[in-house]
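Count the sequence shown with this note's numbering and you get residues 101 to 476, in order. Virtual Cβ for every residue (Gly too), placed ideally from N, Cα, C. In this text, all values refer to a predicted model and were calculated from it rather than measured experimentally. The structure appears right after this line, and notes come after that.
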Amino acid sequence: MCQENAGRNRLFGEFGLHLALWLAKHQNVRLHRLLGVTVVKDRGMRTRFTELCGIEYPIVQGGMQWVGRAELASAVSNAGGLGILTALTQPTPEALRQEIERCRDMTDKPFGVNLTILPSMNPPPYAEYRRAIIESGVTVVETAGHKPQEHVADFKANGVKVVHKCTAVRHAVSAERMGVDAISIDGFECAGHPGEDDIPGLILIPAAVDKLTIPVIASGGFGDGRGLVAALALGAEGINMGTRFCAVREAPIHENVKQLIVNNDERATNLIFRKFHNTARVAKTSVSDQVVEISAREGSEFKDIAHLVPGARGRLALESGNLDEGLIWAGMVQGLIHDIPTCKELIDRIMGEANAIIQERLSRFAALSAHQPLEA
Ligand SMILES: Cc1cc2nc3c(=O)[nH]c(=O)nc-3n(C[C@H](O)[C@H](O)[C@H](O)COP(=O)(O)O)c2cc1C
């Protein structure tokens with residue numbers, strides 16, 4: 101276990117609480133320092149991850165097919181987070197080069213590119229997409245999916261920082277061995293592919309932190325300042341959000357989809373493709389309900405649902421706002437999403453909430469635990 105993480109985790113024991121209180125009282129050490137983060141001014145926050153990527157706030161917008169375009173990525177980066185373009189949303193590597201240029205015209209802050217590696221009979225030209233990313237001078241890449249080794253090696257050889265997103269501790273450990281710079285670990289709550297182990301973030305995040313030395317980004321189910329502080333308490337150095345960044349003004353998708361996310365509660369997702377060992381969490385809609393219903397029939401096969409699930413239909417739903425056109429990917433965090441702010445409003449709000457929780461609520465608990473009965 102990494103010394104630093106092990107030490108931090110121990111702080112949450114009884115001894116740690118008393119030590120934190122003593123340090124806070126006698127040595128003027130603030131609770132946020134003991135959590136391993138540095139609060140800058142009123143709202144800023146530095147962690148190993150913000151230092152790695154050169155960003156202001158430990159908030160990442162994960163790669164999102166059809167959503168991760170320059171409008172969204174640049175808005176997240178301009179607001180101090182890490183915006184991420186999605187490589188395969190662009191039809192060709194050349195189109196990706198142009199999209200990276202377009203994003204650069206819209207922000208002078210760091211942004212990344214997601215490269216999702218899916219097993220496929222007819223794979224996209226991954227090596228060419230990778231060259232486009234490297235030759236465009238992108239400094240951070242989010243890799244996701246199967247067997248990233250070849251891509252990681254090339255990115256690292258060319259000085260690109262790699263954040264590998266995965267859903268299991270064993271995959272995170274093997275990515276660290278490959279030389280990635282950080283891990284984004286996706287709990288069972290997440291939109292997209294949560295894997296087949298069904299481990300929620302509350303367990304998965306600290307389990308990953310315990311086994312890794314590189315910074316961990318907590319992903320899946322995050323949408324507000326409470327989530328950010330919880331992630332920090334679990335040992336992570338920031339959060340990655342997908343669904344929350346679909347319901348922002350700059351997300352290049354139809355208002356009906358944003359409103360669906362706002363209207364839905366935490367129960368409004370469906371797990372699909374489990375039968376095919378490629379589980380995906382999507383919003384509950386008439387289309388995903390049909391997929392669930394057909395898949396539950398005895399003897400059903402992928403070909404029975406194939407007409408409902410193509411990416412092109414999902415894209416049409418996102419762009420036309422007709423929710424019956426195709427699958428819409430969204431996570432359980434829908435239950436915490438109640439508005440459609442700008443990226444700046446959202447990130448400012450998350451940082452404001454997080455800092456208030458760390459400096460007021462948590463400090464108060466530490467003081468109460470040592471000196472006062474709860475009812476006082
Ligand atoms: C609409 C949508 C599309 C997504 N597409 C991708 C993708 O192409 N590649 C990828 O690695 N993750 C993809 N994701 C997953 C996100 O990057 C992120 O890991 C996930 O949404 C985190 O969970 P949350 O939605 O609870 O925040 C997608 C998520 C959404 C909501």
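Thinking residue 285 and residue 241 are a contact (beta carbons under 8 Å), I'd like their distance in whole angstroms, please. Between the beta-carbon of residue 285 and that of residue 241 there is about 17 Å, and that puts the pair past the 8 Å contact cut.
For residue 313, does the count of other Cβ atoms within 10 angstroms reach 16, so buried, or fall short, so exposed? Result: exposed.
Counting beta carbon pairs with one atom in the stretch 295-312 and one in the stretch 421-431, are three or more of them shorter than 8 Å? With a cut-off of 8 Å, the stretch 295-312 and the stretch 421-431 do not count as touching, because too few Cβ pairs lie within range.
Would residue 450 pass as a contact of residue 342 if the rule is Cβ separation under 7 Å? Not in contact: residue 450 and residue 342 (Cβ atoms no closer than 7 Å).
Out of 224, 211 and 274, state which residue places its alpha-carbon closest to the alpha-carbon of residue 239. Residue 211 is the option with its Cα nearest to residue 239.
For residue 260, which residues of its own chain have a beta-carbon under 8 Å away from its beta-carbon, when the five flanking residues on both sides are left out? These residues qualify, in order along the chain: 233, 234, 238, 239, 240 and 241.
Taking 8 Å as the threshold, find out whether the stretch 363-383 comes into contact with the stretch 345-353 through three or more Cβ pairs. Contact fails: fewer than three Cβ-Cβ distances are below 8 Å.
Report the start-end ranges of each alpha helix (DSSP H) in the stretch 335-409 that is 4 residues or longer and not cut off at the edges. Within the stretch 335-409, the runs of alpha helix (DSSP H) that reach at least 4 residues and sit entirely inside it are, in chain order, 343-346, 355-363, 386-396 and 402-405.
The stretch 328-339 / the stretch 148-165 touching (three or more Cβ pairs under 8 Å): Contact holds: three or more Cβ-Cβ distances are below 8 Å.
By Cβ distance, which residues of its chain are closer than 6 Å to residue 291, with the 5 residues on each side in sequence left out? The beta carbon of residue 291 is closer than 6 Å to those of 342, 343, 381, 429, 430 and 431 in its chain, skipping five residues each way along the sequence.
When burial is assigned at 16 or more other CB atoms within 10 Å of the CB, is residue 223 buried or exposed? Burial check for residue 223: the Cβ neighbour count within 10 Å stays below 16, so the residue is exposed.
Who are residue 186's beta bridge partners in DSSP? As computed with DSSP, residue 186 is found in a beta bridge with 214.
Bridge-paired residues (DSSP) for residue 433: Within the DSSP secondary-structure output, residue 433 pairs in no beta bridge.
Cβ-based burial, residue 460 [other Cβ within 10 Å; buried from 16]: Under this definition residue 460 is an exposed residue.
Under a three-way DSSP split, which group does residue 299 fall into? Of the three classes helix, strand and coil, the one that applies to residue 299 here is coil, per DSSP.
First through last residue of the beta strand (DSSP E) which encompasses residue 146: Looking at the DSSP string, the run of the beta strand (DSSP E) that includes residue 146 is 144-146.
If we require 4 or more residues per run, which alpha helix (DSSP H) segments fall completely within the stretch 231-290? Within the stretch 231-290, the complete alpha helix (DSSP H) runs of at least 4 residues fall at 249-257 and 269-278.
Spatial neighbours of residue 190 within its chain, please: CB distance less than 6 Å, with the 5 preceding and 5 following residues excluded, ordered by chain position. Correct list, in chain order: 196 and 199.
Rounded to a whole number of angstroms, what is the C-alpha to C-alpha distance between residue 202 and residue 374? Near 38 Å, if we compare the C-alpha coordinates of residue 374 and residue 202.
Euclidean distance between Cα positions of residue 246 and residue 257: In a straight line, the C-alpha of residue 246 is about 20 Å away from that of residue 257.
Simplified DSSP state of residue 179, which is helix, strand or coil: Residue 179: coil per DSSP, three-state reduction.
How big is the Cα-Cα spacing for residue 419 and residue 463? Cα to Cα, the separation comes out at about 46 Å.
Under the three-state DSSP convention, the category residue 532 falls into: Because the chain in this structure spans residues 101 to 476, residue 532 falls outside the shown range and cannot be described.
Ordered along the chain, which non-local residues of its own chain (more than five positions away) have a Cβ less than 6 Å from that of residue 484? Absent from the structure is residue 484, since the part of the chain shown begins at 101 and ends at 476.
Return the bridge partner residues of residue 319 from the DSSP annotation. Residue 319 is bridged to 286 and 340.
Going by DSSP in three states, residue 160 sits in which element: helix, strand or coil? In the structure shown, residue 160 sits in a strand (DSSP, three-state: E or B).
Do residue 163 and residue 192 have their beta-carbon atoms positioned less than 7 Å apart in this structure? Cβ atoms of residue 192 and residue 163: not closer than 7 Å.
Classify residue 128 as buried or exposed, calling it buried when 16 or more other Cβ atoms lie within 10 Å of its own Cβ. In this prediction, residue 128 has a pLDDT of 41, which is less than 50 and means its spatial position is unreliable; what the coordinates show is noted afterwards. Exposed, by the Cβ-count rule.
Taking residue 436 as the reference, give the member of 383, 321, 350 and 457 with the closest Cα. Taking the Cα of residue 436 as reference, the smallest distance to any Cα among 383, 321, 350 and 457 is reached at 321.
Closer than 6 Å to a non-hydrogen atom of ligand 1 - does that hold for the CB of residue 341? Remark: the C-beta of residue 341 is in contact range of ligand 1, defined as less than 6 Å to any heavy atom.
Is residue 145 near ligand 1, in the sense that its beta carbon is under 6 Å from a heavy atom of that ligand? Checking every heavy atom of ligand 1 against the Cβ of residue 145, none is found closer than 6 Å.
Within the present structure, is the beta-carbon of residue 165 separated from the nearest heavy atom of ligand 1 by less than 6 Å? Yes, ligand 1 has a heavy atom inside 6 Å of this Cβ.
Sorted by chain position, which residues of the same chain lie with C-beta nearer than 7 Å to residue 409's C-beta, five sequence neighbours on each side aside? Taken in chain order, the residues that qualify are 391 and 427.
Put residue 292 into one of helix, strand or coil per three-state DSSP. Here residue 292 sits in strand by DSSP.
Rounded C-beta distance between residue 565 and residue 457? I'm assuming under 8 Å. Because the chain spans 101 through 476 in this model, residue 565 falls outside it and cannot be assessed.
Helix, strand or coil, according to DSSP, for residue 165 in the structure here? Here residue 165 carries a coil assignment [DSSP, helix/strand/coil].
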